[in-house]
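Residue numbers (my numbering): 45 to 391.
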């Protein structure tokens, strides 16, 4: 099957600097050929100047992530003919939200900086490693510690505790989630979904001794509360890490641990209060409760612009909906279920 593949080119050594443009290549696509196979064929047979990252060819290393027809995917995992039949074209570009170095090669330094900011290591509660040569059968299956040689101890997790954080451990650092992130597109300082998924790996670990400290750090500006829940990070993750689920769990854990002195937590609490009180969102009241009175005054110019464009939430005082008691019953049921779950966990 003959087809034309369009590839984004960017030559930093050229006269125009790294100004991207699309270059077409004609190839004979064969059954079973992946996007990465096509890139290798073009580089080996047609244009040796083409640059792209690759390594394992098995969807393990994450090196070959590119934007394919506008969406982040692993080149080694995507079938060429199948993609062409779905979209009617093959356009390969570098990952979005990254600085391009050359062609499909992007600068991953900001990505690793964000990972480092969440401190991707375990601060074990007893802070003592297992000695070499330990008989693992002597270690209890449920969390806790067992005395080994001298003062040294080691904590293990049961299956339930492992499953709680297992998804985050699947991450191969391909960067697809960050490339798809709407928040990162407008805020380069946002910690981003890959780092937040990694953060949950340790916050959710029962052996972690610094969870509250981690949550407080993640609740700052550009942290977990800046996620707009577009779901793209989860949709385009090739390993089913589900970063959005990790972000939601981090937020829930923060509120549970009392890390609520921040705009994100106040926004959630004001939203819950609004729906419980009047049955719908009282956006004006939510602004005051989230930002406080003085900071809300700074939003007046923005509010006037909203009014001019007919976007100001009206009326300023919301009446209750007719069936508000039914809404409150739902809240009561949620609280009842929550208490039942907490009792089971304690047992």
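Glycine residues also receive a C-beta, built at the ideal position from the N, C-alpha and C atoms.
Residue i to residue j, Cα distance in whole Å?
i	j	result
residue 366	residue 325	15 Å
residue 84	residue 64	20 Å
residue 274	residue 200	35 Å
residue 233	residue 369	43 Å
residue 304	residue 314	12 Å
residue 247	residue 225	22 Å
residue 137	residue 300	42 Å
residue 320	residue 99	53 Å
residue 373	residue 296	22 Å
residue 132	residue 70	15 Å
residue 334	residue 346	16 Å
residue 302	residue 262	13 Å
residue 251	residue 210	14 Å
With distances taken Cα to Cα, identify the nearest neighbour of residue i among the options.
i	options	result
residue 101	121, 95 and 114	121
residue 118	291, 127, 108 and 125	108
residue 162	245, 115 and 110	245
residue 47	73, 332, 54 and 215	73
residue 7	210, 110 and 206	Shown here, the chain extends from 45 to 391; a query on residue 7 therefore has no answer.
residue 55	104, 96 and 217	96
residue 231	249, 270, 252 and 125	270
residue 103	356, 281 and 351	281
residue 223	66, 363, 350 and 144	144
residue 266	307, 363 and 87	307
Measure the beta-carbon distance from residue i to residue j and round it to whole angstroms, keeping in mind my assumption that it falls under 8 Å.
i	j	result
residue 155	residue 238	7 Å
residue 227	residue 272	5 Å
residue 51	residue 94	7 Å
residue 286	residue 298	Rounded, the Cβ-Cβ distance is 18 Å, inconsistent with contact.
residue 253	residue 167	5 Å
residue 329	residue 212	Not really, about 36 Å apart at Cβ, beyond 8 Å.
residue 277	residue 218	That belief does not hold up - the Cβ atoms of residue 277 and residue 218 are roughly 12 Å apart, past 8 Å.
Per DSSP, what kind of secondary structure is residue i in: helix, strand or coil?
i	result
residue 227	helix
residue 137	strand
residue 154	helix
residue 115	strand
residue 70	strand
residue 186	Its pLDDT being 45, under 50, residue 186 is placed unreliably by the model, and the measurement read from it follows with that caveat. Here residue 186 sits in coil by DSSP.
residue 47	strand
residue 272	coil
Could you tell me whether the segment 71 to 88 touches the segment 252 to 266, where touching means 3 or more Cβ pairs closer than 8 Å? no
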